[in-house]
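J.: So that we are looking at the same thing, I have put the structure below in structure tokens.
Numbering (the numbering used here), first residue to last: -17 to 312.
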């Protein structure tokens, strides 16, 4: 667990986000038809979800924006007390809302608007809409919790309670808790494991073990799709060709699709630079999937895994480096 690997985690979050944003929601075949293989930053204005928003080359979306909010909340809380941490994380989300809600999912946008209007983080995720809380808005921003928990030597149950609270703030479902726990486990494993000792079997075992802890939370929101059982299949699915993985897992913004697809593609080649581009070119929720996968690549391999010329084109590069350094030194 080094400074380089933490900074690389943030770099992967931002670079995957920026690479995937222009082709968000396109299929593998559509990306191939229009762009060939994406290995450079594209004009984000082609994204249909951004047509009413100003855009800039190399821009990021909510994946990076809210990862930064979580990181600043953890750093700024200067406490291990859950209420103190969550108040600070909630405040950072409101601050980000005031800047832009460009690309935010419906569950997050609704919840943070409630926070802005005075609602407690304990209630902000409540919604009368049955479709709320099933997107990938929790794992896409939860990576900083992995490092913070390691640095502060949090017991397992404290980690679980923190992730469950972050999930309930905007995505009040058992599946969101499970997805958040899975990704914290995944990032933790990558931060702590020497690349040459990486084991697909150990990675999947830890991810599934933590994901299953989410079943105890908000059981009234459980649905037939069991994300823990889906995650248990990713090691086997990783052996398939990329198109077959996407046919099986789809990779859309539904977290039951998005997170397993991200892990299967990551596990195909967890130490290869090309994996980040595979995550972009696979189609689906490309910015979130590449951002989550980018976090894993950076956490495992360090900064050398990403092309320096691409990182230098990101307007947010200095910010994410500062955020990473601040969390490391907190």
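Note that beta-carbon positions come from the ideal geometry of N, C-alpha and C, so glycine has one too.
Quick caveat: nothing in here was measured; it's all calculated off a predicted structure.
With respect to the alpha helix (DSSP H) encompassing residue 80, which residues constitute its N-terminal and C-terminal limits?
T.: As a first step, residue 80 must be located in the chain shown, where it is residue number 98. Residues 64 to 81.
J.: Which residue from 146, 178, 229, 64 puts its Cα closest to that of residue 195?
T.: Position 213 of the chain shown, counting from 1, holds the residue named residue 195. Nearest of 146, 178, 229, 64 to residue 195, Cα basis: 146.
J.: Counting beta carbon pairs with one atom in the segment 25 to 34 and one in the segment 55 to 70, are three or more of them shorter than 8 Å?
T.: In short, these stretches do not touch, since the Cβ pair count stays below three.
J.: Using only the heavy atoms of the ligand FAD, determine whether one of them is closer than 7 Å to the beta carbon of residue 299.
T.: The ligand FAD is absent from the structure shown, which contains no ligands of any kind.
J.: How far does the alpha helix (DSSP H) with residue 310 in it reach, from first residue to last?
T.: Translated into positions along the chain shown, residue 310 becomes position 328. Looking at the DSSP string, the run of the alpha helix (DSSP H) that includes residue 310 is 299 to 311.
J.: Who are the Cβ neighbours of residue 189 in its own chain at under 6 Å, not counting the five residues just before and after it?
T.: Here the question's residue 189 lines up with position 207 in the chain shown. Hits under 6 Å: 164, 167, 168, 213.
J.: Start and end of the alpha helix (DSSP H) containing residue 260?
T.: Residue numbering aside, residue 260 sits at position 278 when the chain shown is read from its first letter. First-last of the alpha helix (DSSP H) with residue 260: 256 to 263.
J.: Which of helix, strand or coil does DSSP assign to residue 90?
T.: If you number the chain shown from 1, residue 90 lands on position 108. Helix at residue 90.
J.: Return helix, strand or coil for residue 199, following the three-state DSSP convention.
T.: Counting from 1 along the chain shown, the entry for residue 199 is found at position 217. Residue 199 falls in the coil class under three-state DSSP.
J.: Is there contact between the segment 264 to 276 and the segment 147 to 161, where contact requires at least three CB pairs shorter than 8 Å?
T.: Here the segment 264 to 276 makes no contact with the segment 147 to 161; the two share fewer than three CB pairs at distances below 8 Å.
J.: Assign residue 46 to one of three DSSP states: helix, strand, or coil.
T.: Mapped onto the chain shown, residue 46 falls at position 64. Correct three-state label for residue 46: helix.
J.: Which residues mark the beginning and the end of the alpha helix (DSSP H) in which residue 283 is found?
T.: Residue mapping note: residue 283 aligns to position 301 of the chain shown, counting from 1. Segment 268 to 283, the alpha helix (DSSP H) holding residue 283.
J.: Could you round the C-beta distance between residue 216 and residue 246 to whole angstroms and report it? I think they count as a contact, below 8 Å.
T.: Numbered from its first residue, the chain shown carries residue 216 at position 234. Numbered from its first residue, the chain shown carries residue 246 at position 264. Rounded, the Cβ-Cβ distance is 4 Å, consistent with contact.
J.: My output table needs one value for residue 162: the three-state DSSP class, helix, strand or coil.
T.: The residue you call residue 162 lines up with position 180 of the chain shown. Looking at residue 162 - three-state DSSP - the assignment turns out to be helix.
J.: Looking only at C-alpha atoms, which of 283, 296, 100 sits nearest to residue 40?
T.: As a position in the chain shown, residue 40 is number 58, starting the count at 1. Comparing Cα-Cα distances from residue 40 to each of 283, 296, 100, the minimum goes to 296.
J.: Classify residue 117 as helix, strand or coil using the three-state DSSP reduction.
T.: For the purposes of this step, residue 117 is identified with residue 135 of the chain shown, where counting begins at 1. Judged by DSSP in its simplified three-state form, residue 117 adopts strand.
J.: Please tell me whether residue 160 and residue 210 are closer than 8 Å, where the distance is taken between their beta carbons.
T.: Residue numbering aside, residue 160 sits at position 178 when the chain shown is read from its first letter. Residue numbering aside, residue 210 sits at position 228 when the chain shown is read from its first letter. In this structure, residue 160 places its C-beta atom within 8 Å of the C-beta atom of residue 210.
J.: What does residue 236 pair with, by DSSP beta-bridge criteria?
T.: On the chain shown, position 254 is the one that residue 236 refers to. 117, per the DSSP bridge assignment.
J.: Please name the residue in 50, 121, 153, 27 whose C-alpha comes closest to that of residue 88.
T.: Within the chain shown, numbered from 1, the residue matching residue 88 stands at position 106. The option with the nearest alpha carbon to residue 88 is 153.
J.: Would you mind stating whether residue 276 and residue -2 have Cβ atoms separated by less than 8 Å?
T.: Walking along the chain shown from the start, residue 276 turns up at place 294. Walking along the chain shown from the start, residue -2 turns up at place 16. Yes, the pair counts as a contact, with Cβ atoms nearer than the cut-off.
J.: Out of curiosity, what's the CA-to-CA distance linking residue 26 and residue 103?
T.: On the chain shown, residue 26 is found 44 positions in, with the first residue counted as 1. On the chain shown, residue 103 is found 121 positions in, with the first residue counted as 1. Those two C-alpha atoms are separated by around 32 Å.
J.: Tell me which residues share the same chain as residue 171 and place their Cβ nearer than 6 Å to its Cβ, disregarding the 5 neighbours each side in the sequence.
T.: The count along the chain shown starts at 1 and reaches residue 171 at position 189. The residues are 185, 188.
J.: DSSP three-state label for residue 9, please.
T.: Taking the chain shown and counting its residues from 1, the one referred to as residue 9 is at position 27. Strand.
J.: Would residue 126 pass as a contact of residue 52 if the rule is Cβ separation under 8 Å?
T.: Taking the chain shown and counting its residues from 1, the one referred to as residue 126 is at position 144. Taking the chain shown and counting its residues from 1, the one referred to as residue 52 is at position 70. Yes; because the gap between Cβ atoms is below 8 Å, this pair is in contact.
J.: Please tell me whether residue 354 and residue 242 are closer than 8 Å, where the distance is taken between their beta carbons.
T.: The chain is shown from -17 up to 312; residue 354 falls before or after that span and cannot be answered.
J.: So, residue 287 versus residue 278, is the Cβ gap smaller than 8 Å?
T.: Here residue 287 refers to the residue found at position 305 of the chain shown. Here residue 278 refers to the residue found at position 296 of the chain shown. No, these two residues do not count as a Cβ contact at 8 Å.
J.: Span of the alpha helix (DSSP H) holding residue 222?
T.: Your numbering for residue 222 matches position 240 in the chain shown. Taken as a continuous stretch (DSSP letters only), residue 222 belongs to no alpha helix (DSSP H), as it is neither H nor E.
J.: Please list the terminal residues of the continuous alpha helix (DSSP H) segment that includes residue -7.
T.: Counting from 1 along the chain shown, the entry for residue -7 is found at position 11. Judged by DSSP secondary structure, residue -7 falls within the alpha helix (DSSP H) whose first and last residues are -15 to 2.
J.: Under a three-way DSSP split, which group does residue 142 fall into?
T.: As a working note, residue 142 is residue 160 in the chain shown. Reduced to three states, the DSSP call for residue 142 is helix.
J.: Let me confirm a value: residue 11 is counted as buried when at least 16 other C-beta atoms fall within 10 Å, else exposed. Which label applies?
T.: Position 29 of the chain shown, counting from 1, holds the residue named residue 11. With fewer than 16 Cβ atoms within 10 Å of its Cβ, residue 11 is classed as exposed.
J.: Are there 16 or more other CB atoms within 10 angstroms of the CB of residue 304, so buried, or fewer, so exposed?
T.: As a working mapping, residue 304 is identified with position 322 in the chain shown. Burial call: exposed.
J.: Leaving out the 5 sequence neighbours to the left and right, which residues in its chain are closer than 6 Å to residue 106 when beta-carbon positions are compared?
T.: Taking the first residue of the chain shown as 1, we reach residue 106 at position 124. Around residue 106: 93, 96, 97, 151.
J.: Can you tell which of 100, 82, 115, 133 has its C-alpha closest to the C-alpha of residue 61?
T.: Here residue 61 is taken as the residue at index 79 of the chain shown, counted from 1. Per the Cα distances, 133.
J.: When you compare only the Cα positions, how much space is there between residue 117 and residue 311?
T.: Working through the chain shown from its first residue, we reach residue 117 at position 135. Working through the chain shown from its first residue, we reach residue 311 at position 329. Going from the Cα of residue 117 to the Cα of residue 311 covers about 32 Å.
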